[in-house]
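Number of protein chains: 2
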Amino acid sequence: MAKTEIESLRRLRDMPGALRRARRRKPGRRMNGTAVNVRGTIRERNEARILKAAEAVFAKKGFNGASTAEIARKAGVPKPNLHYYFRTKQLLYAGVLDNILEIWLDAMDEIRPGAEPAEALARYITRKLESSRLLPEPSRLWAMELISGARHVEPFLKKRLRRLVQQKSAIIRAWTEAGKIDPVEPEHLLFMIWAMTQTYADFAAQIAAVLGKDKLDEGVFAAARKTMVSLVLKGLRVR
Amino acid sequence: MAKTEIESLRRLRDMPGALRRARRRKPGRRMNGTAVNVRGTIRERNEARILKAAEAVFAKKGFNGASTAEIARKAGVPKPNLHYYFRTKQLLYAGVLDNILEIWLDAMDEIRPGAEPAEALARYITRKLESSRLLPEPSRLWAMELISGARHVEPFLKKRLRRLVQQKSAIIRAWTEAGKIDPVEPEHLLFMIWAMTQTYADFAAQIAAVLGKDKLDEGVFAAARKTMVSLVLKGLRVR
DNA sequence: TCAAAGCTTGATCAAGCGGTCAGGTTCTGA
DNA sequence: TCAGAACCTGACCGCTTGATCAAGCTTTGA
Numbered sequence: 016m017a018k019t020e021i022e023s024l025r026r027l028r029d030m031p032g033a034l035r036r037a038r039r040r041k042p043g044r045r046m047n048g049t050a051v052n053v054r055g056t057i058r059e060r061n062e063a064r065i066l067k068a069a070e071a072v073f074a075k076k077g078f079n080g081a082s083t084a085e086i087a088r089k090a091g092v093p094k095p096n097l098h099y100y101f102r103t104k105q106l107l108y109a110g111v112l113d114n115i116l117e118i119w120l121d122a123m124d125e126i127r128p129g130a131e132p133a134e135a136l137a138r139y140i141t142r143k144l145e146s147s148r149l150l151p152e153p154s155r156l157w158a159m160e161l162i163s164g165a166r167h168v169e170p171f172l173k174k175r176l177r178r179l180v181q182q183k184s185a186i187i188r189a190w191t192e193a194g195k196i197d198p199v200e201p202e203h204l205l206f207m208i209w210a211m212t213q214t215y216a217d218f219a220a221q222i223a224a225v226l227g228k229d230k231l232d233e234g235v236f237a238a239a240r241k242t243m244v245s246l247v248l249k250g251l252r253v254r
Numbered sequence: 016m017a018k019t020e021i022e023s024l025r026r027l028r029d030m031p032g033a034l035r036r037a038r039r040r041k042p043g044r045r046m047n048g049t050a051v052n053v054r055g056t057i058r059e060r061n062e063a064r065i066l067k068a069a070e071a072v073f074a075k076k077g078f079n080g081a082s083t084a085e086i087a088r089k090a091g092v093p094k095p096n097l098h099y100y101f102r103t104k105q106l107l108y109a110g111v112l113d114n115i116l117e118i119w120l121d122a123m124d125e126i127r128p129g130a131e132p133a134e135a136l137a138r139y140i141t142r143k144l145e146s147s148r149l150l151p152e153p154s155r156l157w158a159m160e161l162i163s164g165a166r167h168v169e170p171f172l173k174k175r176l177r178r179l180v181q182q183k184s185a186i187i188r189a190w191t192e193a194g195k196i197d198p199v200e201p202e203h204l205l206f207m208i209w210a211m212t213q214t215y216a217d218f219a220a221q222i223a224a225v226l227g228k229d230k231l232d233e234g235v236f237a238a239a240r241k242t243m244v245s246l247v248l249k250g251l252r253v254r
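Going line by line, the protein sequences match chains H and V.
When we follow our numbering, the leftmost residue of the first sequence carries the number 16, and every step to the right adds one.
When we follow our numbering, the leftmost residue of the second sequence carries the number 16, and every step to the right adds one.
So this is what it looks like as structure tokens:
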């Protein structure tokens, strides 16, 4: 789905290394049409394990701070095996981001042309916040990538995300014109919903420390949801 | 002011190195009471240059990703000279965070016992947003530190920031009891104001890309401020 | 049964890292 | 004028890093 956006990253693939030696052919399937690896799962299973480990390590230490050795250890494979499946660290990083883009966009389809603002906004906030609760590491990795300048996901931001925001903004503007909500700059409204919901994943350490907790429990997320929904619905005077 | 919070970090100072050799005495002033270096500026000027460069590099690459060589290059000094002023990378990082803690707390004194909610909240949001506009790099470095687990600033979060939030929360609760604003969980209200204002520094790359701009100009911040203030004031039904 | 493709891994490499050192130059107060 | 403190820096060190290699092992299709 969102595979194409980071295609440019793929093209960046470790140029120095690539020029030094012929490219290893990509295995996993045979050349002729017949499917091989009938269970076809060795590669898939190993790639998934490595990606999952990489997600956690990249999220905690950033691209530069993460080491392939640590990722390999966490995935339970020897380091050369990691490099067998992901030739370079850059490509591994691309693979991880690839997974995340879909999560990121997923909740936004709550904002539909026909929907009632109150329900649509409440559901959107709820889903985004659930992402922060259940998948904090992808959220943190995404945040790291943006803070670092978003070089790897720039094409995605400029094309796909921008287009999507324009579409959703039109819907929100229509709500205003129909007298269903107060006038608002829809793009900024979205930025603020993103910020509020993601802060409970990205800055969980700060929130937990301030609240005097070890980690954010369901009660914290419930209170956050209530505060957030109330703020947005009343803030827009949703009818 | 906020110097003591990271004292624990100072105690961490490069233990391996420190044990291997006697500590170099800290220069800059003579031992006897008389002030030396009457202009006293060589050390101050160099430390400031290095801190400024370090802030930018740490903000972009995180603690692990930043290299002392790059910081030194950016500061225009040879690498050994950087280590002359900041013995270890950890201590340099501590120095940078030290500067930031004060910025972070600064705006919060807008929320005062006597203040009217409408004005206090509007001014707080405005000041926080100005921080994001004028000092985006400290904000991004702070965000990186929190995402990475906040190990270096944990004492600050758990003691000073927590206490401050408790104080400000009491004030906000009093506003509710006085019937000046709707009931709200004050801690979460603060988390959301932090999130919304800082998103314009931390995730500037994403916002710029979505808006189709090269960088966030004053118009963007003006619109953000307007949206944010309106959302919070109406969301709390401030009288 | 077997050859080829896919998968695994201990050993190894060059590059970059944080940090040190020795020996210089400049500044300061008396 | 001068001794000592402060400041500066090219060369270097031990270690970790991303990545590679070569030699194995396992799976697969015919």
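Don't be surprised by glycine CBs; every beta carbon is placed ideally from N, CA and C.
Asked                                                                                                                                                                         : Found
Can you list the residues of chain H that ALA107 of chain V reaches, using a CB-CB cut of under 9 Å?                                                                          : Correcting the residue identity first, residue 107 of chain V is Leu in this sequence and not Ala. Within chain H, no residue comes near LEU107 of chain V; the closest Cβ sits about 16 Å away, beyond 9 Å.
Return helix, strand or coil for ARG102 of chain V, following the three-state DSSP convention.                                                                                : coil
Looking only at its own chain, which residues have a Cβ that is under 7 Å from the Cβ of TRP157 of chain H, when we skip the five neighbours before and after it?             : ILE115 and TRP119
Looking at the structure shown, is PHE73 of chain H part of a helix, part of a strand, or coil, going by DSSP?                                                                : helix
If you follow the alpha helix (DSSP H) that MET123 of chain V is part of, which residue opens it and which one closes it?                                                     : Per DSSP, MET123 of chain V belongs to no alpha helix (DSSP H) and is neither H nor E.
Thinking just about the alpha-carbon of each residue, which of V:PRO132, V:ARG58, V:PRO201 and V:PHE73 is nearest to the one in TYR100 of chain V?                            : V:ARG58
Are GLY77 of chain V and ASN79 of chain H touching if we call contact CB-CB under 8 Å?                                                                                        : yes
Using a Cβ-Cβ distance cut-off of 8 Å, determine whether GLY129 of chain H contacts chain V.                                                                                  : no
Helix, strand or coil, according to DSSP, for HIS203 of chain V in the structure here?                                                                                        : helix
Could you please tell me which residues of the region 235-247 of chain H, in chain order, have their CB closer than 8 Å to any CB of chain V?                                 : ALA238, ALA239, LYS241, THR242, MET243, SER245, LEU246 and VAL247
Beta-carbon within less than 8 Å of PHE218 of chain H's beta-carbon, same chain only, minus the 5 sequence neighbours each way: which residues are those?                     : none
When you compare the region 233-247 of chain V with the region 227-243 of chain H, are there three or more beta-carbon pairs, one atom per stretch, that lie closer than 8 Å? : no
For VAL180 of chain V and chain H, any beta-carbon pair shorter than 8 Å?                                                                                                     : yes
With H, G and I counted as helix, E and B as strand and the rest as coil, what does DSSP make of SER147 of chain V?                                                           : helix
Note down, in chain order, every chain V residue with its Cβ under 7 Å from the Cβ of ILE222 of chain H.                                                                      : PHE206
Look at LYS183 of chain V and PRO201 of chain V and say whether their C-beta atoms are less than 8 Å apart.                                                                   : yes
At a Cβ cut of 8 Å, what residues of the region 157-174 of chain H count as close to chain V, listed as they run along the chain?                                             : ALA158, MET159, LEU161, ILE162, SER163, GLY164, ALA165, GLU169, LEU172 and LYS173
Output, in chain order, the set of chain V residues within a Cβ distance shorter than 7 Å of ALA210 of chain H.                                                               : ALA210, MET211 and THR214
Work out the CA separation of PRO198 of chain V and GLU134 of chain V for me, nearest whole Å.                                                                                : 18 Å
Out of H:ILE208, H:ARG178, H:ALA109 and H:LEU231, state which residue places its alpha-carbon closest to the alpha-carbon of ALA224 of chain V.                               : H:ARG178
If we count the other Cβ atoms within 10 Å of its Cβ and call it buried at 16 or more, is ALA185 of chain H buried or exposed?                                                : exposed
For a cutoff of 8 Å on Cβ pairs, would you count LYS143 of chain H as touching chain V?                                                                                       : no
What are the start and end residues of the alpha helix (DSSP H) that includes ILE187 of chain H?                                                                              : 177-192
Whose C-alpha, out of H:PRO93, H:ALA193, H:ALA220 and H:LEU112, is nearest the C-alpha of LEU161 of chain V?                                                                  : H:ALA220
Quick check on ALA130 of chain V: does DSSP put it in helix, strand or coil?                                                                                                  : coil
Going by C-alpha distance, which of H:GLU85, H:ILE126 and H:LYS75 is nearest ILE208 of chain H?                                                                               : H:ILE126
If the criterion is Cβ atoms closer than 8 Å, does the pair THR122 of chain V and LYS89 of chain V meet it?                                                                   : Here residue 122 of chain V turns out to be Ala, not Thr, going by the sequence shown. Cβ distance not < 8 Å, so ALA122 of chain V and LYS89 of chain V don't count as in contact.
Using 8 Å for Cβ pairs, my map puts ALA216 of chain H next to SER154 of chain H. What's the rounded Cβ distance?                                                              : 4 Å
Which residue comes first and which comes last in the alpha helix (DSSP H) that contains LEU246 of chain V?                                                                   : 233-250
For LEU260 of chain V, count the other beta carbons within 10 Å of its own beta carbon; 16 or more makes it buried, fewer makes it exposed. Which is it?                      : Chain V is shown from 16 up to 254; residue 260 of chain V falls before or after that span and cannot be answered.
State the start and end residues of the unbroken alpha helix (DSSP H) segment that holds LYS230 of chain H.                                                                   : From DSSP, LYS230 of chain H is part of no alpha helix (DSSP H); its letter is neither H nor E.
Can you pull the chain V neighbours of GLU70 of chain H, defined as C-beta to C-beta under 9 Å?                                                                               : In chain order: nothing, as chain V lies at least about 14 Å away.
Less than 7 Å between the CB of LEU106 of chain H and some heavy atom of the ligand GDP, yes or no?                                                                           : Looking at this structure, you won't find the ligand GDP or any other ligand, since it has none at all.
Quick one: using the 10 Å Cβ neighbour count with 16 as the cut-off for buried, is ARG54 of chain H buried or exposed?                                                        : Low confidence applies to ARG54 of chain H: its pLDDT is 41, below 50, so where it sits in the model is not reliable, and the reading given next is rough at best. Exposed is the call here.
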